[in-house]
Amino acid sequence: MDAYNERIHRVIFVESNRSQWQVYDVFSQCGKILATHAWKADRYATSCFVEFCHSISVKRARALQLPDTEVQVVSFDLHLIANFESVAPSPPPAPARMLKQQRIDDRTPPPSSKRPRFDNPSRPSSRQVDMRMQATTNALLHSLKSPSVQPSSTSSTPLRARMGSADASFSFKLPALFTRTDSDKENDRRAVPSPYEMHVPLASAAHTATFDDDSIRSTASPGGSRPPTSHKFTPERGGSCSASLSPLHILSDTRPPAGIIPSPHVAFHTPEEQPVPRSSPSIVLNYNGEHVSCALENLDENPGGIIAVLKATAGHSLERDKWMIVAGYYRGKGNVKAAVAVVSTMVEVMTSPTVGLASHELKPAYLMLASCHTDLGKQARLSPDVPVDVSQEHYQKASAYLQQVYGMFAAEAPAPPVTDPRQTEAAIRIASPLNMTLHEPRPSSASTAVASPSQHDRAIPSKASPDPRIQSLEREVQSLRDRHTHATRALASARESKRQLEDELASERSVCRRAERSLKSATDELASTRRTERFALDQSRRDVEARRRAEAERDEARALLEDASARVERAKETERKARECFGKLGVLFMGAARGDVDGAMLGADMSPALGQEGAPRVREGEGPAGSAR
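Each residue of the sequence shown is one higher than the one before, counting from 1 in the UniProt record's numbering.
The structure is reproduced here in structure tokens:
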């Protein structure tokens, strides 16, 4: 996987009604964040790309299940990949990227040009923050009835420590975030100078020095990064050092930070040392999507209240640090039993079916329980009123927890007696450095070691005598053997899985070949069907044309038949009229032949009419009549 694809698999797209600050604070618990790239933002919703340092953080971010927040993996959508490429700058070259990785803290991003300014007017004011935090705290107290949860102070009044004139100043401009995490507090401890750093008496007062932003950042936090700060450090001759600090938690540690070495060429005048206020330790809990700060110094001696709060707000695998912080605070105060109760409850919650963590993922908790039971055993042994069985029980529990973390080591059986003098000499020569280290007597020379067989028999029990270092080496060897056995079993299971996968691959290949053959036959059938269909279409087209020609011929024949039928009807009518005319003429001729004058006159009167009406028609019909006869 190249660098580009590896970067795409570390990016998520977030759509939420939270601000970009809150989105960053929420997803910083999933892992290191390199940068956030804003995509769309308005008063009611925020859309941005979050780029993590590791790809495993993307899986954790998908498993958060936050209300009113939608998380999409960029590598699953080509449209999101194109949008990310349009807003994200190209990654730096390899050396610069390595330096950038060295500056990344666990949860705090390095300074980025894409990050919003701290003086953004859209940020809520300190009064709004106080009101929202107070409302959230009241809701949490009302639901859980625990007096140990208090809102975190977000006052906007800066702390100013002035020393001398205003010619020289040391000013920090840090954001007062709405929600704060443990990594933010650690960055605040690194960003805010300690009294040793602010008041360093040096040898000479005749020189001046100027520290820029890069030098202060590189010296103040060599191994990590912190939020973007603006520094101004220009001490002059005869000046002083003043600090303008944001309302963050400041530690009163007087030790100089790592990497800062006072130079003898830089002079400061420190007339007096101003005290730095000490803040109470606290943890940030997530309750119904709101972040609430819980002050640890207000916790009761009975851990029942804070355990109930942690069960309601920190019942997730990523919230294990909250439990450990509370347990460490109780142990630091000397309340070891409360620490044991908190860690035991944490183990029960994290190993429950709802969370489902494995035992090997809770090794720090088991180590904490082992150390707490060791302390309780020591206290029980020193107390005369406590029975001895109580201390032994605590020690047994501590041993059980340590065995659960590191495993159990069984000592090997002693080796059989060596009869060969050369083997005995080699064994004594190997064991002699250990005996010399432990101030034990060893043979003066090899001749005394191999003097007689009885001496060889007596040398073996001395070698098998209980030696702490030898026992430690035996346990280490046994541990290595166990690891080797485990690795061998894992290798055997891997080989078996490989064989199974090879068998499955062979079956899959046969199925694939069968499917390819079926596909080929289906393709051939489809081609044949298409050819048949094409031939059928051509035949149908020819049939349609032939049908049309036959219908045209039929229409012509019908027209001819109708014309012939009309002519036949006319011929029949003419023949009928001719017959009638000839019949009347015959009657007339017969009457004339008999001498019937009246009849002849009547025939003469009728002859003109017959001549006018029937004669032409007879002439016209003579042809057909004659032809008919």
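C-beta: ideal position from N, C-alpha, C; glycine also.
None of these values were measured; they are calculated from a predicted model.
Exercise. Would you mind stating whether TYR366 and GLN404 have Cβ atoms separated by less than 8 Å?
Key: Looking up residue 366 in the sequence shown gives position 366. Looking up residue 404 in the sequence shown gives position 404. Yes, the Cβ-Cβ distance between TYR366 and GLN404 is below 8 Å.
Quiz item: Whose CA, out of ASP300, GLY304, ALA312, GLU301, lies closest to the CA of VAL292?
Solution: Sequence index remark: in the sequence shown, residue 292 carries index 292 (1-based). Residue ALA312 is the option with its Cα nearest to VAL292.
Quiz item: Quick one, which of SER90, CYS30, VAL14 has its alpha-carbon nearest LEU80's?
Solution: Position 80 of the sequence shown, counting from 1, holds the residue named residue 80. Ranking the options by Cα distance to LEU80, first place goes to VAL14.
Practice problem: Assess, as a yes-or-no matter, whether the stretch 333-351 is touched by the stretch 295-306 under the definition of 3 or more beta carbon pairs within less than 8 Å. | Solution: When Cβ pairs closer than 8 Å are counted between the two stretches, the stretch 295-306 is seen to touch the stretch 333-351, the count reaching three or more.
Quiz item: Quick one: what does DSSP say LEU34 is sitting in, helix, strand or coil?
Solution: Taking the first residue of the sequence shown as position 1, residue 34 is located at position 34. Here DSSP, grouped into helix, strand and coil, assigns LEU34 to strand.
Practice problem: Pull up the CB-CB distance for VAL87 and ILE12, whole angstroms please, since I reckon it's below 8 Å. | Solution: Within the sequence shown, the letter at position 87 stands for residue 87. Within the sequence shown, the letter at position 12 stands for residue 12. No, VAL87 and ILE12 are not in contact; Cβ-Cβ is about 14 Å, not under 8 Å.
Practice problem: Determine the extent of the alpha helix (DSSP H) in which CYS53 is found, giving its start and end residues. | Solution: On the sequence shown, position 53 is the one that residue 53 refers to. From DSSP, CYS53 is part of no alpha helix (DSSP H); its letter is neither H nor E.
Quiz item: Count the other CB atoms within 10 Å of the CB of ILE56; is the residue buried (16 or more) or exposed (fewer)?
Solution: As a first step, residue 56 is located in the sequence shown; it is residue number 56 there, counting from the start. With fewer than 16 Cβ atoms within 10 Å of its Cβ, ILE56 is classed as exposed.
Exercise. Run the CB neighbour count on LEU560, radius 10 Å, all protein chains shown included, and call it buried at 16 or more, exposed below.
Key: Taking the first residue of the sequence shown as position 1, residue 560 is located at position 560. Exposed is the call here.
Self-check item: Simplified DSSP state of TYR287, which is helix, strand or coil
Solution: Counting from 1 along the sequence shown, the entry for residue 287 is found at position 287. Looking at TYR287 - three-state DSSP - the assignment turns out to be strand.
Quiz item: In whole angstroms, what separates the C-alpha of TYR329 from that of ILE283?
Solution: If you number the sequence shown from 1, residue 329 lands on position 329. If you number the sequence shown from 1, residue 283 lands on position 283. Taking the CA atoms as reference points, TYR329 sits about 11 Å from ILE283.
Practice problem: Report the rounded CA-to-CA distance for ALA358 versus VAL326, giving the unit in angstroms. | Solution: Translated into positions along the sequence shown, residue 358 becomes position 358. Translated into positions along the sequence shown, residue 326 becomes position 326. Separation of ALA358 and VAL326 (C-alpha to C-alpha, rounded to the nearest whole angstrom) is 22 Å.
Self-check item: the stretch 347-356 in contact with the stretch 373-382 per 3-pair CB rule at 8 Å
Solution: No, the stretch 347-356 does not touch the stretch 373-382.
Quiz prompt | GLU474, enclosing alpha helix (DSSP H) - first and last residue | solution = The count along the sequence shown starts at 1 and reaches residue 474 at position 474. Where GLU474 is concerned, the enclosing alpha helix (DSSP H) stretches over 468-594.
Quiz item: Pick from ALA536, SER90, TYR287: whose alpha carbon is nearest that of TYR4?
Solution: Counting from one through the sequence shown, the residue named residue 4 turns up at place 4. Check the Cα spacing between TYR4 and each of ALA536, SER90, TYR287: the tightest is with SER90.
Practice problem: Taking only the alpha-carbon atoms, compute the straight-line gap between THR529 and SER510 and give it to the nearest angstrom. | Solution: Translated into the one-based positions of the sequence shown, residue 529 becomes position 529. Translated into the one-based positions of the sequence shown, residue 510 becomes position 510. Straight-line spacing of the CA atoms in THR529 and SER510 works out to 28 Å.
Self-check item: Same chain only: Cβ atoms within 7 Å of GLU508, ignoring 5 sequence neighbours per side
Solution: As a first step, residue 508 is located in the sequence shown; it is residue number 508 there, counting from the start. Same-chain partners within the cutoff: there are none.
Quiz item: How is the beta strand (DSSP E) around SER16 delimited, first residue to last?
Solution: Along the sequence shown, read from residue 1 onward, the residue named residue 16 stands at position 16. For SER16, the enclosing beta strand (DSSP E) has its first and last residue at 11-16.
Quiz item: Cα separation between GLU319 and PHE52?
Solution: The residue given as residue 319 occupies position 319 in the sequence shown. The residue given as residue 52 occupies position 52 in the sequence shown. Taking the straight line from one Cα to the other gives about 19 Å.
Exercise. Classify CYS372 as buried or exposed, calling it buried when 16 or more other Cβ atoms lie within 10 Å of its own Cβ.
Key: Within the sequence shown, residue 372 is the residue found at index 372, counting from 1. CYS372 is buried by the Cβ-count criterion.
Exercise. Let me know if HIS37 comes out buried or exposed under the rule of 16 or more other beta-carbons within 10 Å of its beta-carbon.
Key: The residue labelled residue 37 in the question sits at position 37 within the sequence shown. Counting Cβ neighbours within 10 Å, HIS37 comes out buried, since at least 16 surround it.
Quiz prompt | Residue burial classification, ASN286 (beta-carbon count within 10 angstroms, cutoff 16) | solution = Translated into positions along the sequence shown, residue 286 becomes position 286. In summary, ASN286 is buried, with 16 or more beta-carbon neighbours lying within 10 Å of its beta-carbon over all protein chains present.
Quiz item: Which residues bound the beta strand (DSSP E) around THR69?
Solution: Along the sequence shown, one-based indexing puts residue 69 at 69. Where THR69 is concerned, the enclosing beta strand (DSSP E) stretches over 69-73.
Quiz item: What did DSSP end up calling SER317 once you bin it into helix, strand or coil?
Solution: Counting from one through the sequence shown, the residue named residue 317 turns up at place 317. Three-state result, SER317: helix.
Quiz item: Can you name, in chain order, every residue of its own chain whose Cβ lies under 7 Å from the Cβ of THR345, other than the five neighbours on each side?
Solution: To locate residue 345, count along the sequence shown from 1; it is residue 345. Excluding positions up to five away in sequence, the list reads ILE307.
Quiz item: Under a three-way DSSP split, which group does THR46 fall into?
Solution: Numbered from 1 along the sequence shown, position 46 holds the residue referred to as residue 46. Of the three classes helix, strand and coil, the one that applies to THR46 here is strand, per DSSP.
Self-check item: For VAL355, three-class secondary structure by DSSP
Solution: The residue given as residue 355 occupies position 355 in the sequence shown. In the structure shown, VAL355 sits in coil (DSSP, three-state: anything other than H, G, I, E or B).
Quiz item: What does ALA295 pair with, by DSSP beta-bridge criteria?
Solution: Here residue 295 refers to the residue found at position 295 when the sequence shown is read from its first residue. DSSP links ALA295 through a beta bridge to SER282.
Exercise. Using the DSSP secondary-structure output, state which residues sit across from ALA398 in a beta bridge.
Key: Within the sequence shown, numbered from 1, the residue matching residue 398 stands at position 398. Residue pairing by DSSP places ALA398 opposite no residue, since no beta bridge is assigned to it.
Quiz item: How should ALA398 be labelled, buried or exposed, when 16 other C-beta atoms within 10 angstroms of its C-beta is the threshold for buried?
Solution: Working through the sequence shown from its first residue, we reach residue 398 at position 398. So ALA398 ends up on the buried side.
Self-check item: Which of helix, strand or coil DSSP assigns to ALA41
Solution: Taking the first residue of the sequence shown as position 1, residue 41 is located at position 41. Strand at ALA41.
Quiz prompt | Presumed contact (8 Å Cβ cut-off) between PHE49 and PHE84, rounded CB distance | solution = Within the sequence shown, numbered from 1, the residue matching residue 49 stands at position 49. Within the sequence shown, numbered from 1, the residue matching residue 84 stands at position 84. Contact flag correct, Cβ pair sits at about 5 Å.
Practice problem: Give me the Cβ distance between GLN65 and THR46, rounded to the nearest whole Å; I'm assuming they're in contact under 8 Å. | Solution: Locating residue 65 in the sequence shown gives position 65, where the first residue counts as 1. Locating residue 46 in the sequence shown gives position 46, where the first residue counts as 1. Rounded, the Cβ-Cβ distance is 18 Å, inconsistent with contact.
Quiz item: Can ASN17 and ASP68 be called in contact, C-beta distance under 8 Å?
Solution: Within the sequence shown, residue 17 is the residue found at index 17, counting from 1. Within the sequence shown, residue 68 is the residue found at index 68, counting from 1. In this structure, ASP68 lies closer than 8 Å to ASN17 by Cβ.
Quiz item: If we call anything under 8 Å between Cβ atoms a contact, is ILE33 one with TYR44?
Solution: Taking the first residue of the sequence shown as position 1, residue 33 is located at position 33. Taking the first residue of the sequence shown as position 1, residue 44 is located at position 44. Remark: C-beta atoms of ILE33 and TYR44 do not approach each other more closely than 8 Å.
Exercise. Please list, in chain order, all residues of the same chain as ARG567 whose beta carbon is under 7 Å from its beta carbon, the five residues on each side excluded.
Key: The sequence position of residue 567 within the sequence shown is 567, counting from 1. Beyond the five residues adjoining it in sequence on each side, ARG567 comes within less than 7 Å, by CB distance, of no other residue in the same chain.
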